[in-house]
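Reading through the structure tokens given below for one structure.
4 protein chains.
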Amino acid sequence: MSSFGESHGAALGIVVDGCPPGLALTEADLMGDIERRRTGKSRHTSQRREPDQVRILSGVFEGFTTGAPIGLLVDNVDQRPKDYSRIKDQFRPGHADYTYHMKYGFRDYRGGGRSSARETVMRVAAGGIARKYLQEKAGINIYGYVRQIGPLRFDVVDPASAYDNPFFCPDPSRLKEVEQYMDQLRKSGDSIGARVDTIATGVPVGLGEPVFDKLDADIAHAMMSINAVKGVEIGAGFASVEQKGTEHRDEITPTGFKTNHAGGTLGGISSGQDIVVSSAYKPTSSLRLECDTVDHQGQPVKVVTHGRHDPCVGLRATPIAEAMLAIVLMDHYLRNRAQNTDVDTKLKPIPGQA
Amino acid sequence: MSSFGESHGAALGIVVDGCPPGLALTEADLMGDIERRRTGKSRHTSQRREPDQVRILSGVFEGFTTGAPIGLLVDNVDQRPKDYSRIKDQFRPGHADYTYHMKYGFRDYRGGGRSSARETVMRVAAGGIARKYLQEKAGINIYGYVRQIGPLRFDVVDPASAYDNPFFCPDPSRLKEVEQYMDQLRKSGDSIGARVDTIATGVPVGLGEPVFDKLDADIAHAMMSINAVKGVEIGAGFASVEQKGTEHRDEITPTGFKTNHAGGTLGGISSGQDIVVSSAYKPTSSLRLECDTVDHQGQPVKVVTHGRHDPCVGLRATPIAEAMLAIVLMDHYLRNRAQNTDVDTKLKPIPGQA
Amino acid sequence: MSSFGESHGAALGIVVDGCPPGLALTEADLMGDIERRRTGKSRHTSQRREPDQVRILSGVFEGFTTGAPIGLLVDNVDQRPKDYSRIKDQFRPGHADYTYHMKYGFRDYRGGGRSSARETVMRVAAGGIARKYLQEKAGINIYGYVRQIGPLRFDVVDPASAYDNPFFCPDPSRLKEVEQYMDQLRKSGDSIGARVDTIATGVPVGLGEPVFDKLDADIAHAMMSINAVKGVEIGAGFASVEQKGTEHRDEITPTGFKTNHAGGTLGGISSGQDIVVSSAYKPTSSLRLECDTVDHQGQPVKVVTHGRHDPCVGLRATPIAEAMLAIVLMDHYLRNRAQNTDVDTKLKPIPGQA
Amino acid sequence: MSSFGESHGAALGIVVDGCPPGLALTEADLMGDIERRRTGKSRHTSQRREPDQVRILSGVFEGFTTGAPIGLLVDNVDQRPKDYSRIKDQFRPGHADYTYHMKYGFRDYRGGGRSSARETVMRVAAGGIARKYLQEKAGINIYGYVRQIGPLRFDVVDPASAYDNPFFCPDPSRLKEVEQYMDQLRKSGDSIGARVDTIATGVPVGLGEPVFDKLDADIAHAMMSINAVKGVEIGAGFASVEQKGTEHRDEITPTGFKTNHAGGTLGGISSGQDIVVSSAYKPTSSLRLECDTVDHQGQPVKVVTHGRHDPCVGLRATPIAEAMLAIVLMDHYLRNRAQNTDVDTKLKPIPGQA
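Structural data, given as structure tokens:
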């Protein structure tokens, strides 16, 4: 997977190499997830309006993947680089302006350039391919929801319902409350963090390389590579700090594991239980509330960010995190096949259960 | 970096390729960190007694690295494979026994084989090279401590003192309390989780590839690849879920950042502030307290783990986490040099501060 | 570098990641080499007419590379997939039809799909970036010519003149003869092989990883990855089989090497002398002269290839081989910088000379 | 695969990661090939006497590979670093002394250090694992012979007999002649080049990634990475320069290909025919015949190399080239399995034939 493109450049793209041949694939297959991530659909997300129409430029012939690299392209339509001219010579706190400038000597200041979360549209597109493959060929399904927005923690009452509201909230009874919270937040000009859970079901036992490229290590890498993520947990995560061994260890019976504190991996290898991942999204720093910073001469200035931003970037993160989990599982599914296709254990897998 | 070796095999080894030439290096340089990780030094860790003497087999000539691959070897001395014969046909809950068996068809059951934390001795050895290079050539220093053991949370009163007690506790006033807690725990036969903080100071601005291989993504990968880790945070971590943007964003002044919620990275690139990482260690599942599991025929059995185990694996994790952070920083230091050696920003770096 | 695209698909593309920032770059900079490779310019190459206009979609801002991935795209314009419908169910000897079919289960039969040499347009585009960087930042220049077409061997009288004739022939006095040979060949319906030489001057001492990724190994890999190449030589190449050590070894004097049998590498590392590479191109197998093959049922059939083909694919290979050499040198230039930026040898390089 | 070790260091080693589990493997399995490569067995090779006893340190348990990394070690026994003290400050022409010094700032001058062909013992050891796997699990066999020593070109009368003479010559009727030639050469103090052919039979259709990592590109890379190799050919190789398309294309019939000019690959993918590779070895430059060079001050000096050297390094190259071919085929066998395990072509493979 190799991607390119800036927030306000001509287009964004990605090359997906190594996809098995014979997967039925159309652009429509990818648009569902892309739509879920898209901006401008409600007042609670950035008002930038991008159709985000993906084009498959290669690797698919007569409706099926051929095994050749799949090139995907999304044109940028609603560019407004002028919005950004005023911050051209300033470093926005909490953004990558300063670090890009110091690393590369200069930067594409239009909407964050390469550092913009706009880049994630291609992850979702590529993840859509992995997702479809995993579902059809391996019986693996991936879903997610927002478990917390600032002070609001949700029970997972109906995870499927998270796809039907702009907050990806899994508890329909809380929607009114969330809406009020977000409206008030937007009016205040401030932003808030969020926690997103991502789950994979139907994962076979055996995925993951057991030392450096543990399955959970690669998942942590994938999640932490998403813009704004500051923490990742597998299974019990930080709660395991206070757990005793007798509590944490998931006992095994002939009908399955009794619990899933491990979150679906043991020794870096999938156990057949659900993979359960949680990630923390920081609040965006692009605010119309003034703050201190410096300019290119190192002089103190006040900065205010106008433009079209998400008051809670975590809100649109669910499909991105799902895509990243799909990509990691796909990679390990294929890697495991390379080494272990011939393995015959003579054991029946222990039934997995969340 | 490519490693090999099992818990009760002949030896463990690692190849470190790409180390710059001209670094003064002896085996003694690596033994300090290895000693800090070593078992059998107090009653609070595993009683396996391994000298862990590392040998440099190549890549060093007349006291300096030559640029050729550095081969490191540690012989296993205190093997007691017989200890494990009774669990040969059982799957220990919370261990990799089951997943290894299902992935590979069979497994080295002697002390977990490749899945044992014994493997981390080579990480510490390799990390020692990175650490010495970073310190001498780049002014980067790395340290760490245990911030929490089960219910006991420590203030960071004196981080340097963490190297002087068997608990890596940074608050000398709590040592008595910790000792009592650990003694009681050991007698109970149970185990407990821990939280370890790892900090790098003096990191220059500009390390990290800004999309998939963000510096924080690679750090998360490195930490999650350590045995028993279930969660990773950079900077504010999961606390950022409840932060507002006005609180989280680290404002900038001509004399430095006002805060470090970001933990030293912005947009996946180091900012010049301290890199601050926190990781969660689950309690070990190797307990002499019986629990349910199944055997190779899928039949229910009771399992008890004898042998020599750590009641809190997090206790010895500090040097391992430091080594992994050193390795990631070293990689990115060299990667950044490849692409950006010629960059001249004309800007002075903003002074970093924790 | 990650590329995509088929001969008769919508477009071809490539992502170039890791290019240093600050290189002045426009589409026009890349078109020179692309033009040299382009078909349909004389009667001696395929009559497919593609404008091959490359677009830079990302990674360049205000005229300079930014360090972000550079996305390049070339649209296919002159697709005539119908030309290929008759060979849909047959395997053309000497082509990848059969191997693609057996590897992937089916294939894009339109003009060879991914296996078409049309894919090399993106190599030339990407190579153009490497070439410009090497020339401007490192003083490395790359050129090439056709040294042999079937029975016709050329003296290297004026290598620069090779850019001015459709045969890339470095001896202007032979052009008439070559033209007659090619006209006669085309009329006969047959095709012929060729040998191409590629040279890099100004290469600094020290590029190349000395064991598996020797500079010459990576060059051999790059050349052999070009469609139709069957052999690669560095320096004396196969002639060294009959050389004695006293003849082959390039003696050294204070004013330079006496000879360059080594072709610019010693122990896999560049020596400062010119890098001299030679590659062999097989004759194309797409001929209007009938031959034996089998169809998808394994039944014997006669096959004839119509369509627009090159009677000597080696003729257009010069810019492709130059691009591949540029890409390898660029990679090793950056890799060497990662490890060895700080090296100070206190020795003056030995003057290189061909 | 990651290797380490110098000619006169403590030991040489290699880590082989990703080997499928379940392969029966002992040290004895690897010694056959190592013995064939070993020095000091006849007067025609270097007189350095190394037992080259390989030790398997990990990755094998109860006689079978476990899927964990296999660590292999060979101790250096017959080190004589003093032999080299006199060339400490001189650059031997045709050797890597100068390039190592300029790349790394200094060098291990004992017998070439890392640049010595002694490093290839670990390639042969690692290749032995690949070889055994390919033979037992995939029906692929690899063999080789010396086809030319300087002016002496051999017919391939009996390839198996090449294993029974010190020259790896496949024509028993020529042995006397070769012996006389080599004796005379050794007495003269000079050295000579050689050509080695390597063949793989039973290779299934479908191995190789069709653009940059073509099977033949990876083979060329592997061969050119062997010390002293200056050229690589697949199938017809450089002879294809003078071939017409009607001659080169291998026509297909229901009972097989009529010829094998392609050398077993089409479009970078194995065709099911024999893989046929030829490589050129330069004559060693370590001669007791004096020549011109410079010292570390750039001053002209005369250099003479004493010590124990091979008058024809190509003589011992056969097992090394076989090992490298085995490693490449193994990699592609596993890579292909990752992507294409599910492919069902419904076509019978065309019978391969050399």
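Going down the list, the protein sequences come from chains A, B, C and D.
Numbers in our numbering are just positions in the first sequence, counted from 1, shifted up by 355.
Numbers in our numbering are just positions in the second sequence, counted from 1, shifted up by 355.
Numbers in our numbering are just positions in the third sequence, counted from 1, shifted up by 355.
Numbers in our numbering are just positions in the fourth sequence, counted from 1, shifted up by 355.
By construction, the Cβ of each residue, glycine as well, lies at the ideal position given by its N, Cα and C atoms.
These figures come from a predicted structure and were not determined experimentally.
Local Cβ density within 10 Å of R435/B, reported as buried at 16 or more and exposed below that: The residue in question, R435/B, is exposed, as its Cβ has fewer than 16 Cβ neighbours within 10 Å.
Listed by chain order, chain B residues near K703/A by CB distance under 7 Å: Simply G653.
Cross-chain neighbours of E361/D in chain B, by beta carbon under 7 Å: Against chain B, the beta carbon of E361/D has neighbours under 7 Å at S413 and A423, listed in chain order.
Segment limits, beta strand (DSSP E) that includes G387/D: No beta strand (DSSP E) holds G387/D; the alpha helix (DSSP H) holding it covers E382 to R392.
Cut-off 6 Å between Cβ atoms - residues of its own chain near D444/C, not counting five sequence neighbours on either side: Spatial neighbours of D444/C in its own chain (CB-CB distance under 6 Å, excluding positions within 5 residues in sequence) are listed in chain order as D650 and H651.
Any chain A beta carbon closer than 9 Å to L642/B: Closer than 9 Å to some Cβ of chain A, the Cβ of L642/B qualifies, so yes.
Assigned secondary structure, G368/D (DSSP; H/G/I helix, E/B strand, else coil): G368/D: strand per DSSP, three-state reduction.
N-terminal and C-terminal residue of the beta strand (DSSP E) that G426/D is part of: That run of the beta strand (DSSP E) goes I425 to D430.
Cβ-Cβ distance between D571/B and G627/B below 9 Å: Taking 9 Å as the Cβ cut-off, D571/B and G627/B do not qualify as a contacting pair.
Continuous alpha helix (DSSP H) assignments of at least 4 residues falling wholly in the stretch 461 to 526 of chain C: Runs found: 475 to 493.
Contact set between the stretch 669 to 696 of chain A and chain D, restricted to residues whose Cβ is under 8 Å from the partner: For the stretch 669 to 696 of chain A, the residues whose beta carbon sits under 8 Å from a beta carbon of chain D are, in order, L689, R690, R692, A693, Q694, N695 and T696.
Spatial neighbours of H450/A in its chain, beta-carbon cut-off 6 Å, leaving aside the 5 residues before and after: Residues S640 of the same chain have their beta carbon placed closer than 6 Å to that of H450/A, with the five preceding and five following residues left out of the count.
Buried or exposed by the 16-neighbour rule on C-beta atoms within 10 Å, applied to T715/C: The first residue shown for chain C is 356 and the last is 709, placing residue 715/C beyond what the model contains.
Inter-residue spacing [alpha-carbon to alpha-carbon] between P424/A and E564/D: Using only the alpha carbons, I get a separation of about 11 Å.
Neighbour-count burial assignment, K542/D, 16 or more Cβ in a 10 Å radius: With fewer than 16 other Cβ atoms within 10 Å, it is exposed.
Below-9 Å beta-carbon distance, G631/B vs any chain D residue: For clarity, residue 631/B is Val in the given sequence; the question names Gly instead. It does not: the Cβ of V631/B has no partner Cβ on chain D nearer than 9 Å.
R671/A (DSSP reduced to helix, strand or coil): In the three-state reduction of the DSSP assignment, R671/A falls in the helix class, which pools H, G and I.
Under 8 Å by beta carbon: chain C residues contacting F446/A: In chain order: nothing, as chain C lies at least about 16 Å away.
Beta-carbon contacts of G548/B that lie in its chain and below 6 Å, excluding the five residues immediately before and after: Correct list, in chain order: Y636, K637 and P638.
Distance, R391/D Cα to Y518/D Cα: If I take the Cα positions, the gap works out to 8 Å.
N-terminal and C-terminal residue of the alpha helix (DSSP H) that I574/D is part of: I574/D -> alpha helix (DSSP H) spans L570 to M579.
Sequence-distant residues of the same chain with beta carbon closer than 6 Å to Y453/A, five excluded per side: Counting only Cβ-Cβ distances below 6 Å, and skipping sequence neighbours, we find F446.
Continuous beta strand (DSSP E) stretch holding V587/C: start and end: V584 to I589 is the extent of the beta strand (DSSP E) around V587/C.
Cβ pair count under 8 Å reaching 3, the stretch 499 to 517 of chain B against the stretch 407 to 425 of chain B: With a cut-off of 8 Å, the stretch 407 to 425 of chain B and the stretch 499 to 517 of chain B do not count as touching, because too few Cβ pairs lie within range.
For D686/A, the nearest candidate out of A493/A, R404/A, F523/A and A594/A (CA to CA): Among A493/A, R404/A, F523/A and A594/A, the Cα nearest to that of D686/A belongs to A493/A.
Cβ separation of L562/D and V533/D, assumed to be a contact under 8 Å, to the nearest whole Å: Contact between L562/D and V533/D is absent: CB atoms are separated by about 35 Å, not below the 8 Å threshold.
Residue-level contact to chain A via CB, P375/D, 9 Å cutoff: Residue-level contact by beta carbon holds for P375/D and chain A, with a gap shorter than 9 Å.
Residue range of the alpha helix (DSSP H) that includes S711/B: Since the displayed chain B opens at 356 and closes at 709, residue 711/B lies outside it and no answer follows.
is_contact[H661/B, chain A] using C-beta, thresh 9 Å: By this cut-off, H661/B is not an interface position.
Residues that V698/C contacts on chain B, provided the C-beta gap is smaller than 9 Å: For V698/C, the chain B residues whose C-beta falls within less than 9 Å of its own C-beta are P375, P376, G377 and G422, listed in chain order.
Limits of the alpha helix (DSSP H) - the one that T553/B falls within: Looking at the DSSP string, T553/B is not in any alpha helix (DSSP H); the run it does join, the beta strand (DSSP E), is A549 to T556.
CB contact check: V560/B to chain C, cutoff 9 Å: With 9 Å as the cut-off, V560/B does not count as an interface residue toward chain C.
Beta-carbon proximity list for A709/D, same chain, < 6 Å, skipping 5 on both sides: For A709/D, the predicted structure reports a pLDDT of 46, less than 50, and the residue's modelled location is therefore unreliable. The matter cannot be settled from this model.
Three-way DSSP call (helix, strand, coil) for G600/B in this model: Under the three-state reduction of DSSP, G600/B is assigned to helix.
Those residues which DSSP pairs with F419/B across a bridge: Under DSSP, F419/B takes part in a beta bridge, and its partners are A379/B and F416/B.
Within chain C, the residues that D433/D reaches when beta carbons sit closer than 7 Å: Within chain C, no C-beta atom comes less than 7 Å from the C-beta of D433/D; the nearest is roughly 22 Å away.
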